[in-house]
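A.B. asks:
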Amino acid sequence: MDALSLHKEATVVDTHNDLILLVDHHDRRGDRRHFADYWLPQLRAGGVDVQVLPICLEEQFQSEGALRRTLLLIERMHELAGEHADEVAICLTGADVDAAVAAGKIALIIALEGAHAIGQDPTLIRTMERTGVRVVSLAHYGRTFLADGSGFDDSSNSALTPQGVEVLQEMERLGVVFDISHLGRAGVDAVLNVISRPFLATHSACLHLTEIHRNLADAQLRAIAEKGGVVSVAAAIPMFIDPADPSAERVVDHIEHMAGVAGIDHVGLGPDFIEDYFMQAFGGWQRVPGFAGTFAPAEIERPADLPKITEVMLRRGFSTEDVNKVLGDNVLRVLREVMGVPA
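The opening position of the sequence shown corresponds to residue 1100 in our numbering, with each subsequent residue numbered one higher.
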């Protein structure tokens, strides 16, 4: 089977696309057709069947404005699902995902990146779950009331706060999938010591190949696999893949390394498509803490580029079964087991 046919037949799961930020950017400028005119064609061109939609808050919203901003973006996602009910569906369980995909729709999953909206009130994770949130990380680059992000590794290197542990435990009880991406070293270790259900790193890469705090060390990759988790490769972020050569080939280098260390059953895709937002909202990439160098453009720049990864994997000898695992089957296993399934 050729690469394009395999990609089209596979169930492709993207665990991290910040498209709601660009949708909101266009909304504020009177263009409420952006999702239909740009993102739906891109997702279809990339063969994306399941799209996790994280809410990443800009710095000006990360304190007192976090809850309001988060709820507004969640509401916008529900509006989009209503406006395009023939194309997409917000999913609350793995069974919902399977039903949406079977109906030819793109399954949308609401996520929080950083969980700033929870503040220091762990009970708000229940509120987030009621609004449809099904994937949550506890920190972005910096500090929340729940945990420290990897951008603080050189200064604080702190683990989860008591509130963070409480949120993690409540997520496990409710069936909200934990996302370990962005957590600092000590936070990752703390989660691995207490978590009992499979989880995701929605957009990470290999520290062995690219040395930046956001990437995961081999010991962490193995520990995540032992818990049944999946690490999705942040294929669209040059600083994580290879600043000098963020190509599809280098993306597959990360996939191969993860498979060799953790096993092929624990690798997925979470490209982190955010460049378009940065370019349109800020005129260029925003600074990544801990990275001060230059970088080349990513080859996997938008969803329509995803078949290039399948092409490289096939060329390197990945079996059809293993390609399907990386493209989506591994993440689907976690979603079916955990998402919306109370412990």
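Ideal Cβ positions, reconstructed from N, Cα and C, are used throughout, including at glycine.
1. To the nearest angstrom, how far is it from the Cα of Ser1254 to the Cα of Ala1304?
2. Take Lys1204 and list the residues in its own chain whose beta-carbon comes closer than 7 Å to its own, dropping the five residues that flank it on each side.
3. Taking 7 Å as the cut-off, is the CB of Arg1132 close to at least one heavy atom of the ligand HEM?
4. Using a Cβ-Cβ cut-off of 6 Å (strictly less than) and excluding sequence neighbours within five positions of Ile1336, which residues of its own chain qualify?
5. Gln1385 by DSSP, collapsed to three states: which one?
6. On a CA-only basis, which of Val1112, Met1227, Ala1198 is nearest Leu1299? Give me that one, please.
7. Using only alpha-carbon positions, find the residue among Leu1413, Leu1121, Gln1150 that is nearest to Asp1136.
8. Can you give me the start and stop residues for the alpha helix (DSSP H) that Val1290 sits inside?
9. For Gln1219, count the other beta carbons within 10 Å of its own beta carbon; 16 or more makes it buried, fewer makes it exposed. Which is it?
10. If I follow the unbroken beta strand (DSSP E) through Ser1236, where does it start and stop?
11. So the candidates are Val1196, Asp1130, Arg1229, Arg1132; which of them puts its Cα closest to the Cα of Glu1174?
12. Between Ala1202 and the rest of its own chain, which residues show a CB-CB distance below 6 Å, the 5 nearest in sequence each way excluded?
13. What's the call for Glu1398, buried or exposed, on a 16-neighbour Cβ count within 10 Å?
14. Look at the alpha carbon of Glu1258 and the alpha carbon of Val1264, and state the distance between them as a whole number of angstroms.
15. The alpha helix (DSSP H) with Val1425 in it runs from where to where?
16. In the DSSP output, which residue or residues are listed as bridge partners for Cys1190?
17. Compute the distance between the beta-carbons of Thr1114 and His1302, then report whether it is under 8 Å.
18. Taking 8 Å as the threshold (C-beta atoms), are Ile1340 and His1356 in contact?
19. State the DSSP-derived secondary structure class of Asp1371, mapped to helix, strand or coil.
20. If you check the beta carbons only, do His1365 and Asn1292 fall under 8 Å apart?
21. In whole angstroms, give me the CA-to-CA distance for Arg1313 and Phe1134.
22. Please return the same chain residues whose Cβ sits closer than 8 Å to the Cβ of Val1287, not counting the five positions on each side in sequence.
C.D. replies: Answer, in terms of the structure:
1. Here residue 1254 refers to the residue found at position 155 when the sequence shown is read from its first residue. Here residue 1304 refers to the residue found at position 205 when the sequence shown is read from its first residue. Only weak support exists for where Ser1254 lies, its pLDDT of 47 falling under 50; the value from the coordinates is given anyway. Approximately 22 Å, taken between the alpha carbons.
2. On the sequence shown, position 105 is the one that residue 1204 refers to. For Lys1204, where only same-chain residues beyond five positions count, the Cβ hits under 7 Å are Glu1186, Val1187, Ala1188.
3. For the ligand HEM, the structure offers nothing, since it holds no ligand at all.
4. Indexing the sequence shown from 1 puts residue 1336 at position 237. The answer, listed in chain order, is Asp1371.
5. Here residue 1385 corresponds to residue number 286 of the sequence shown, with the count starting at 1. Three-state DSSP puts Gln1385 in coil, outside helix and strand.
6. As a first step, residue 1299 is located in the sequence shown; it is residue number 200 there, counting from the start. Checking every option, the nearest Cα to that of Leu1299 belongs to Val1112.
7. Here residue 1136 corresponds to residue number 37 of the sequence shown, with the count starting at 1. Comparing Cα-Cα distances from Asp1136 to each of Leu1413, Leu1121, Gln1150, the minimum goes to Leu1121.
8. Position 191 of the sequence shown, counted from the first residue, corresponds to residue 1290. Unbroken alpha helix (DSSP H) run through Val1290: 1284-1293.
9. Taking the first residue of the sequence shown as 1, we reach residue 1219 at position 120. It counts as exposed.
10. Numbered from 1 along the sequence shown, position 137 holds the residue referred to as residue 1236. That run of the beta strand (DSSP E) goes 1232-1236.
11. Indexing the sequence shown from 1 puts residue 1174 at position 75. Nearest C-alpha to Glu1174: Arg1229.
12. As a position in the sequence shown, residue 1202 is number 103, starting the count at 1. There are no such residues.
13. Mapped onto the sequence shown, residue 1398 falls at position 299. Buried is the call here.
14. Within the sequence shown, numbered from 1, the residue matching residue 1258 stands at position 159. Within the sequence shown, numbered from 1, the residue matching residue 1264 stands at position 165. One detail in the question is off: residue 1258 reads as Ala in this sequence, not Glu. Between Ala1258 and Val1264, the C-alpha separation is close to 10 Å.
15. Translated into positions along the sequence shown, residue 1425 becomes position 326. Neither: Val1425 is in no alpha helix (DSSP H) and is coded neither H nor E.
16. Translated into positions along the sequence shown, residue 1190 becomes position 91. DSSP output for Cys1190 lists no bridge partner at all.
17. On the sequence shown, residue 1114 is found 15 positions in, with the first residue counted as 1. On the sequence shown, residue 1302 is found 203 positions in, with the first residue counted as 1. Against a cut-off of 8 Å, the Cβ pair of His1302 and Thr1114 comes out as a contact.
18. Numbered from 1 along the sequence shown, position 257 holds the residue referred to as residue 1356. Numbered from 1 along the sequence shown, position 241 holds the residue referred to as residue 1340. Not closer than 8 Å, so no.
19. Taking the sequence shown and counting its residues from 1, one reaches residue 1371 at position 272. In this structure, Asp1371 counts as coil in the three-state DSSP scheme.
20. The residue given as residue 1365 occupies position 266 in the sequence shown. The residue given as residue 1292 occupies position 193 in the sequence shown. The answer is no: Cβ separation not under 8 Å.
21. For the purposes of this step, residue 1313 is taken as the residue at position 214 of the sequence shown. For the purposes of this step, residue 1134 is taken as the residue at position 35 of the sequence shown. Spanning the two alpha carbons is a distance of roughly 29 Å.
22. Residue 1287 sits at position 188 when you count from the first residue of the sequence shown. If we look at Val1287 and ignore the five residues flanking it on each side, its Cβ neighbours are Ile1279, Leu1315, Gln1319.
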